[in-house]
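Read through the structure below, which is laid out as structure tokens, and then see the notes.
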Amino acid sequence: MPSSTKLVFTVIFFIISSVFFKVSAQSILEKEISVHADKKPLSNVLDLMEEKGSFRFAYYGKLAVKDSIVSIHADNTSIKGVLDQLLSAKYEYKESPGYIIVRYAPLELALVLEKNTVMSDGQQIVIGYIIDTKTNNRLENVSVLEKNALLSTLTNKDGFFELRLKNAPQAIELTAVKENYKTVTMVFLSEIKIQMGDKKNKTDYIDGDFSEIERSGIGRFFISSKQKIQALNLGGFISKVPVQASLVPSISTRGMLNTQIVNNFSLNILGGYNAGVRGLEMAGLYNINRMNVDALQMAGIFNTVGGSVNGVQLAGIYNNVFGNLRGLQISGIHNSVKGSQIGLQMSGIYNNVYKDSKGLQITGISNTVKGSQNGLQLSGICNIGKDTVRGAQITGLFNYAKELQGVQFGLVNITDSPSGYSFGLLNFKKGGYKKISVTSNEISDINLAVKTGDHKMYTILMAGRSDRKDEEKLFSFGIGLGKNIPLGKRFTFNPEFSTQYLYLGNWDIYNSLSKFDSSFSFQLCKGVAIAAGPSLNFYWSEKQDKYGNANASTFVQDRPKQSTIIKNNSKDILGWIGWSFGLTFF
Numbered sequence: 185m186p187s188s189t190k191l192v193f194t195v196i197f198f199i200i201s202s203v204f205f206k207v208s209a210q211s212i213l214e215k216e217i218s219v220h221a222d223k224k225p226l227s228n229v230l231d232l233m234e235e236k237g238s239f240r241f242a243y244y245g246k247l248a249v250k251d252s253i254v255s256i257h258a259d260n261t262s263i264k265g266v267l268d269q270l271l272s273a274k275y276e277y278k279e280s281p282g283y284i285i286v287r288y289a290p291l292e293l294a295l296v297l298e299k300n301t302v303m304s305d306g307q308q309i310v311i312g313y314i315i316d317t318k319t320n321n322r323l324e325n326v327s328v329l330e331k332n333a334l335l336s337t338l339t340n341k342d343g344f345f346e347l348r349l350k351n352a353p354q355a356i357e358l359t360a361v362k363e364n365y366k367t368v369t370m371v372f373l374s375e376i377k378i379q380m381g382d383k384k385n386k387t388d389y390i391d392g393d394f395s396e397i398e399r400s401g402i403g404r405f406f407i408s409s410k411q412k413i414q415a416l417n418l419g420g421f422i423s424k425v426p427v428q429a430s431l432v433p434s435i436s437t438r439g440m441l442n443t444q445i446v447n448n449f450s451l452n453i454l455g456g457y458n459a460g461v462r463g464l465e466m467a468g469l470y471n472i473n474r475m476n477v478d479a480l481q482m483a484g485i486f487n488t489v490g491g492s493v494n495g496v497q498l499a500g501i502y503n504n505v506f507g508n509l510r511g512l513q514i515s516g517i518h519n520s521v522k523g524s525q526i527g528l529q530m531s532g533i534y535n536n537v538y539k540d541s542k543g544l545q546i547t548g549i550s551n552t553v554k555g556s557q558n559g560l561q562l563s564g565i566c567n568i569g570k571d572t573v574r575g576a577q578i579t580g581l582f583n584y585a586k587e588l589q590g591v592q593f594g595l596v597n598i599t600d601s602p603s604g605y606s607f608g609l610l611n612f613k614k615g616g617y618k619k620i621s622v623t624s625n626e627i628s629d630i631n632l633a634v635k636t637g638d639h640k641m642y643t644i645l646m647a648g649r650s651d652r653k654d655e656e657k658l659f660s661f662g663i664g665l666g667k668n669i670p671l672g673k674r675f676t677f678n679p680e681f682s683t684q685y686l687y688l689g690n691w692d693i694y695n696s697l698s699k700f701d702s703s704f705s706f707q708l709c710k711g712v713a714i715a716a717g718p719s720l721n722f723y724w725s726e727k728q729d730k731y732g733n734a735n736a737s738t739f740v741q742d743r744p745k746q747s748t749i750i751k752n753n754s755k756d757i758l759g760w761i762g763w764s765f766g767l768t769f770f
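If you want it as structure tokens, here you go:
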């Protein structure tokens, strides 16, 4: 059969196949619906269309007229026909499974094929240029891609492009895309042009604005301007390939098209920039992903993801997710999630979640959750919950929760709510219990105590002194817990338990006093109350220090002789009934 006859049959087969495909698989845009609305916001009409057509709209760029008031009456009209009535010719529509992507495109371009040459080595060179159909000017920075071969380029300042295709498919499909211009696709076989116009997109679509990663400090430094233009032109349309490799983002097996490709396995020798990963990604220094990551991502320095992560991120210095995290983040210094987190964050210095957190944060210095926190924050220095904390905060120094519905353990605990439980030396709560008391008892002539927390439980930080000429000097300090029980308008009962260390002139001899105070308070005036009551005391003292020197202190035993209930025994324990009297302020 002559070659010309073969070519004719091929063209006829291609056209018939295209027609058959359109008939057998109705698109969303071709689906017929009925819509009636009088002077309704455009957004309400679009919501109604989603409900009737069982699909979702995605907006590539801002839909400027979304709040405008429209009226429409359409019976059994295609979705595309309804959109044409609502949005006029300034918008174009693309399909992806379950989506109609609405794109603002008031301008039109044309793709002009100038040269299509097959070289002796089988490589095919396609050269052409892009023009604005209205002004006839050549257009710079237009993305031109061959979807089947997954190759792409940008037009130069004169509007020209050149693509070199190895193992070119029989049907070559060139698509030209530029922001604010309608997309144009040209399909041709060898050197014979067959079709020019729109063709159903075989790529997937990921809804969302992923441009924030390119505006970040990392994006400005590591991502080239050409890659940013490519991503701007092509938006959320992606293709999938099993494997890609990069030396740096601009030197990759997929060239500039890596901004639109999701890989199952990605190997970046120094670093790489891809649309996303559904599998495994490894890098010697860094990984940057424009969209989502599912599974495992590892880098020597950092991982940055513009979408969400479902899986594990491991990095030597930090991990950064612009969307949500469902899984595990581990880094040497810092982890950040700008969305919500479900899972575990572990870092050497700092963890941060901008929205809600469900799970565990562990770090050496500081954890922060700006939304609600359900789980555990564990840090060496501080934990901060800027909304509701329904779990636990444990730290060596400072905890803060705007609303506490859980528990805090730290030296200093602060919450803006009266609920929850705080355990620490200083606990400050909204409407809580904040008192300073000055008292005297049978052992210490003067005692100062700071009591903070709430009425159901407060902590006590105390110190005391006794200095008489005929006795050893005594210094005491300790901590305790108490509860405020109202008995009337001015009367309260304050049971308190405390433990103190008593210094009696020798640090090498341990002297411990445990007290249970049951004092009653009467409010004299606003901010001042008088308090008094009995106490039960248990005192334990070593007989000698570590050097064998005997404990010569006796006045603690002598003072409460008349009320002693447990005398010195083999365990050096002494017990007695004591008293306390003093003033409470604030």
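Numbering-wise, the sequence shown is residues 185 to 770 according to our numbering.
Ideal Cβ placement from N, Cα and C applies to all residues, glycine included.
Remember, it's a predicted structure, so these values are computed and weren't measured experimentally.
Using a Cβ-Cβ cutoff of less than 6 Å, which residues in the same chain neighbour residue i once the five nearest sequence positions on both sides are dropped?
i           : result
residue 552 : 536, 568
residue 398 : 407, 412
residue 721 : 699, 760, 762
residue 772 : Residue 772 cannot be examined here, being either before or after the span of the chain that is shown, 185 to 770.
residue 524 : 508, 539, 540
residue 577 : 561, 567, 583, 592
residue 529 : 513, 519, 535, 545
residue 287 : 244, 276
With which residues is residue i paired in a DSSP beta bridge?
i           : result
residue 225 : 253
residue 326 : None; residue 326 has no bridge partner.
residue 609 : None, per the DSSP bridge assignment.
residue 428 : 450
residue 568 : 552, 584
residue 520 : 504, 536
residue 423 : 445
residue 748 : 760
residue 701 : 680, 719
Which residue's Cα is closest to the Cα of residue i: the options?
i           : options            : result
residue 450 : 436, 708, 429      : 429
residue 681 : 666, 673, 463, 687 : 666
residue 637 : 654, 293, 604      : 604
residue 711 : 646, 758, 617, 371 : 617
residue 348 : 516, 457, 303      : 303
residue 370 : 313, 342, 343      : 313
residue 172 : 221, 252, 212, 216 : The first residue shown for the chain is 185 and the last is 770, placing residue 172 beyond what the model contains.
residue 684 : 649, 332, 339      : 649
residue 461 : 422, 575, 468      : 422
residue 329 : 319, 322, 361      : 361
residue 332 : 424, 628, 694, 254 : 424
residue 575 : 559, 341, 496      : 559
residue 522 : 601, 493, 600      : 493
residue 368 : 355, 395, 316, 341 : 316
Span of the alpha helix (DSSP H) holding residue i?
i           : result
residue 673 : Segment: none, residue 673 is in no alpha helix (DSSP H) and carries neither H nor E.
residue 415 : 409-418
residue 271 : 263-271
residue 403 : 401-406
residue 739 : 739-742
Have a look at residue i and residue j and give me their C-alpha separation to the nearest angstrom.
i           : j           : result
residue 502 : residue 532 : 10 Å
residue 713 : residue 767 : 6 Å
residue 466 : residue 435 : 16 Å
residue 689 : residue 635 : 28 Å
residue 388 : residue 280 : 6 Å
residue 547 : residue 487 : 18 Å
residue 764 : residue 744 : 13 Å
residue 456 : residue 437 : 11 Å
residue 571 : residue 587 : 6 Å
residue 679 : residue 633 : 14 Å
residue 651 : residue 627 : 11 Å
residue 742 : residue 624 : 17 Å
residue 672 : residue 497 : 58 Å
residue 735 : residue 647 : 22 Å
Can you tell me where the beta strand (DSSP E) with residue i in it begins and where it stops?
i           : result
residue 594 : Here residue 594 belongs to no beta strand (DSSP E), and DSSP marks it neither H nor E.
residue 692 : Per DSSP, residue 692 belongs to no beta strand (DSSP E) and is neither H nor E.
residue 481 : 477-483
residue 280 : 275-280
residue 601 : Residue 601 -> no beta strand (DSSP E), and no H or E assigned at all.
residue 348 : 344-349
residue 494 : 493-499
residue 359 : 355-361
Grab me the residues of residue i's own chain with a C-beta within less than 7 Å of its C-beta, minus the 5 sequence neighbours each way, in chain order.
i           : result
residue 770 : 618, 619, 620, 711
residue 581 : 565, 566, 594, 595, 596
residue 223 : 253, 255
Quick one: residues in its chain with C-beta nearer than 8 Å to the C-beta of residue i, no 5 flanking neighbours on either side, listed in chain order?
i           : result
residue 209 : Any reading at residue 209 must be qualified, since the residue scores a pLDDT of 48, below 50, and its modelled position is unreliable; the value itself is stated next. Nothing listed; no residue qualifies.
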